[in-house]
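Chemist: Just passing along the structure, written as structure tokens.
Numbering (the working numbering), first residue to last: 210 to 311.
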């Protein structure tokens, strides 16, 4: 979902959606890809990636000012944001699983 096309449909049709906003050439963003793969296998969350360099409207809508930024949506609503640079699998899993207890 490079340019964000179909994002709203996916967000509204998915119980839990974890989205990484990234840009081309961002080494921390690229390092997040295997982490997100592990999270997708370990949780019931759908994982998507959106290139903030192409999806300007989405980046603006959600206040994306740095990458990588992870947004978690539950039942279509924004439930959490993680924008602290590279995060390992344990941190991202805690972020995703911890949202259920908020």
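Beta carbons are placed, not taken as given, at the ideal position from N, Cα and C, and that holds for glycine. Computed from a prediction, not measured in an experiment: that's the story for all the values here.
Can you tell me whether DSSP reads residue 295 as helix, strand or coil?
Modeler: If DSSP states are grouped into helix, strand and coil, residue 295 belongs with coil.
Chemist: Check whether the segment 251-265 touches the segment 220-227, counting contact only when three or more Cβ pairs, one atom from each stretch, lie closer than 8 Å.
Modeler: They touch, by the three-pair rule.
Chemist: If you follow the alpha helix (DSSP H) that residue 284 is in, where does it begin and where does it stop?
Modeler: Element bounds for residue 284: n/a, residue is neither H nor E.
Chemist: Residue 305 and residue 287 look like a contact to me (Cβ under 8 Å); what is the Cβ gap, rounded to whole Å?
Modeler: The Cβ separation is near 14 Å, so there is no contact.
Chemist: Which of the three DSSP states, helix, strand or coil, is assigned to residue 242?
Modeler: Three-state DSSP puts residue 242 in a helix.
Chemist: For residue 241, count the other beta carbons within 10 Å of its own beta carbon; 16 or more makes it buried, fewer makes it exposed. Which is it?
Modeler: Under this definition residue 241 is a buried residue.
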